[in-house]
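FYI, the numbering for the sequence shown is 48 to 251, going by my numbering.
Backbone N, C-alpha and C define an ideal beta-carbon position, used for all residues, glycine too.
Quantities reported herein were computed from a predicted structural model and do not represent experimental measurements.
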Amino acid sequence: MGFHKLLVVLATAALSFGQTPTPPAPEIELPEPAGIYAIIETSLGRMVALLYDDLAPVAVKNFIDLAEGNKITKDRKGKDVRQRYYDGLFFHRVIKGFMIQTGDVKGTGAGDCGIPTIPDEITKKISFDNPGSLGMANTGRPNSGSCQFFITVGRSTHLDGRHTIFGQVLEGYQVAVAISTVPVEGERPKTPVYVRSITIRTKR
């Protein structure tokens, strides 16, 4: 079997197991400081967020594993799959002046992604005082975060002590603001705004 035919066979086999090919990493210059970054491509533009792997290591690892397809999760039909979880999901909840939220495979805010919940990582070293904070969504109970996350678009200190902060948007914050101002029905965008991909990069 020729080399190129072998590659085709391997790619087909990967797809048959429900894995999606990893998209090429966007060629962009990461901002300072050094650290782990999430490049969040949406249908309204790109955001680049520094992940707080030192302050919220469990949440960051969970987020990275989901973004890169390292965990078995549930798809929209409840089937177990191993794929890049966030790619193709939309922001199901947006509140102007407050935040935008994604990560629910069913797009209702009440879907089950099929992974165990993770513990809260609350620290006074960081605060939702900074717009552009990445926070773990939860059910209102302690230690109930899993797949859904939100990005704030205003000072939201009332969330301090209630939600894990695991990152900060350093570039593309205006994209989050733009998403938060789209026309909605209730808190759901009338026209879906999608997460096209989330790519993890490290700057040393």
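Determine whether the beta carbon atoms of residue 213 and residue 110 lie at a separation below 8 Å. yes
May I ask you to list the residues that DSSP assigns as paired with residue 88? 93 and 244
Would you list the residues sitting across from residue 218 in a DSSP beta bridge? 95
Around the Cβ of residue 150, are there at least 16 other Cβ atoms within 10 angstroms (buried) or fewer (exposed)? buried
Just how far apart, CA to CA, sit residue 234 and residue 88? 21 Å
Considering just the uninterrupted stretch of the alpha helix (DSSP H) at residue 254, what are its terminal residues? The first residue shown for the chain is 48 and the last is 251, placing residue 254 beyond what the model contains.
Measure the Cβ-Cβ separation of residue 198 and residue 181 and say whether it is below 8 Å. yes
Residue 239 versus residue 138 - alpha carbon distance: 7 Å
Is DSSP giving residue 262 helix, strand or coil here? Only positions 48 to 251 of the chain appear in the structure, and residue 262 is not among them; the question remains open.
Distance CB(residue 247)-CB(residue 83) smaller than 8 Å: yes
Give me the Cβ distance between residue 157 and residue 132, rounded to the nearest whole Å; I'm assuming they're in contact under 8 Å. Between residue 132 and residue 157 the Cβ distance is about 17 Å, and since that is not below 8 Å, they are no contact.
State the beta-bridge partners of residue 127 as determined by DSSP. 121
Leaving aside the five residues before and after residue 161 along the sequence, list all residues of the same chain whose C-beta is less than 6 Å from its C-beta, in chain order. 120 and 121
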